[in-house]
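Using UniProt numbering, you'd call the opening residue of the sequence shown number 1 and step up by one each time. Glycine included, C-beta positions come from ideal geometry on N, C-alpha and C.
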Amino acid sequence: MTGKQIAIIGGGPTGLMAAEVLSLSGHQVTVYDSMPTVARKFLLAGKSGLNITHSEEYTRFAGRFGQSSNRLRSALDAFTPDDIRTWASGLGTETFTGSSGRVFPKVMKASPLLRAWLGRLEAQGVKVLTRHRWSGFAEGGFAFETPEGRTIVQCDAALLALGGASYPRLGSDAAWTTRLRDKGVDIGDFEPANCGFDVAWRAVFRERFAGEPLKAVTATSDAGTFPGEFVISRHGIEGSLVYAHAASLRDRLASNGKAALTVDLAPGRTVERLSRDLARQDVKASFSNRLRKGAGIDGVKTALLRELASPANLADPEQLSRLIKALPIPLLRPRPITEAISSAGGIRWSGIDNGYMLRALPGVFVAGEMIDWEAPTGGYLLSACFATGRAAARGMEAWLQ
1 MTGKQIAIIG GGPTGLMAAE VLSLSGHQVT VYDSMPTVAR KFLLAGKSGL
51 NITHSEEYTR FAGRFGQSSN RLRSALDAFT PDDIRTWASG LGTETFTGSS
101 GRVFPKVMKA SPLLRAWLGR LEAQGVKVLT RHRWSGFAEG GFAFETPEGR
151 TIVQCDAALL ALGGASYPRL GSDAAWTTRL RDKGVDIGDF EPANCGFDVA
201 WRAVFRERFA GEPLKAVTAT SDAGTFPGEF VISRHGIEGS LVYAHAASLR
251 DRLASNGKAA LTVDLAPGRT VERLSRDLAR QDVKASFSNR LRKGAGIDGV
301 KTALLRELAS PANLADPEQL SRLIKALPIP LLRPRPITEA ISSAGGIRWS
351 GIDNGYMLRA LPGVFVAGEM IDWEAPTGGY LLSACFATGR AAARGMEAWL
401 Q
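Below you can see the structure in the form of structure tokens.
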């Protein structure tokens, strides 16, 4: 194949994965990124342990992307979680599976993997230009603002891998939406995904328990019932178990104006057992002691019941047992998108062909979180970014031929 000039705009894992595929095919690839260094969100995710993919049964894994699961399936099939682990191993990063099924590098950090990856790309001839902020289309090419001034880049094809709207301080500020809408690209408004929610806590509860985790609970919403834990925050609730329900709760708030996350504070006990054991407690004992002895509940769980239930319900063993098993936490709104781990919304699938090229802009391809899909945390987000980056690269190769 005769090498072509390829511009990849966005130096996150999506863009870097596309650069790897295209450079291996002999193309001259340049990655442009607005920040001083590439893959900043990738590095941030790896500070507490880079969750690179998930080990669950593949059909279940591939269904974790909601309404976009069918559209993403071919990209995921071409770069499965097993393929990701093999790819990482080839870069000197061995992985392991945690107790939750999540897959991590043994060193837990993202930086060694990224260094090795950038070294591979350099050896394959990929050029990386930082502090190059895409400012729009110009003269049949792409305009960039750089420290040396404005420059126009001409290329045979381009991939936009600019991310969604979460973590704007790391480069994903969604400034590209106006430029693409002006070209007729249909883009859905961005919304927070994998986010926390505001709750109207009373001041005394907020001051005492902000930062406290609720462990060994299950939570229920329209998305289903899942075990895990979450954290009381000054604003409301956040954490992995909340994120698992975030899309469902966000959409219910938007459609109904109200929503609640229903929490089981004692998953190992039935309502009948709780009611019986609570009724046996000395009525003269404090509420905290009765809960601790009769339900195995104390600390923040006890405080949460006091915060959300009426005194009459707390005094009645049967009503209290039902609340312990299904305590609704009423939500006000999602936290701002700037705090969210990821975003929903973006370029609608109807405007993208099967090779990930924009129908309105021949020769311009898109991948990653720019597209309207979302997934829970647990390695799914990064897996799909890798997979769509590779799929867009393959689509570009086919189009160039």
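- Per DSSP, the continuous alpha helix (DSSP H) segment holding Pro311 begins and ends at 311–315.
- Between the alpha carbons of Tyr380 and Phe144 lies a distance of about 32 Å.
- If you draw a straight line from the Cα of Ser48 to the Cα of Ala315, it comes to about 42 Å.
- By the Cβ-count criterion, Lys127 is exposed, with fewer than 16 other Cβ atoms from all chains shown falling within 10 Å of its own Cβ.
- If you check the CB distance, Asp277 and Ser288 do not come in under 9 Å.
- The beta-bridge partner set that DSSP reports for Asp198 consists of Gly236, Arg333.
- Going by beta carbons, Thr97 and Leu113 fall outside the 9 Å limit.
- Under the DSSP assignment, Leu129 falls in the beta strand (DSSP E) whose first and last residues are 127–129.
- Among the bridge pairs identified by DSSP, Thr151 is matched with Phe144.
- Proximity to Ser286 across His54, Arg306, Gly268 peaks at Arg306, based on C-alpha coordinates.
- With 16 or more other CB atoms across the displayed protein chains lying within 10 angstroms of its CB, Asn194 is buried.
- Minimum Cα-Cα distance from Ala7 among the listed residues Trp373, Val364, Gly395 corresponds to Val364.
- Apart from sequence neighbours up to five positions away, the residues of its chain that approach Asp189 with a beta-carbon distance below 8 Å are Gly345, ordered along the chain.
- Between Arg150 and the set Ala393, Ala165, Arg133, Gly140, the nearest pair of CA atoms involves Arg133.
- Taken atom to atom, the span from the alpha-carbon of Gly46 to that of Ser111 is near 7 Å.
- Per DSSP, the unbroken alpha helix (DSSP H) holding Thr86 starts and ends at 81–90.
- With distances taken between CA atoms, Ala78 lies nearest to Arg390 out of Arg390, Ile371, Ala398.
- When beta bridges are read from the DSSP output, Ser342 appears opposite Ala193.
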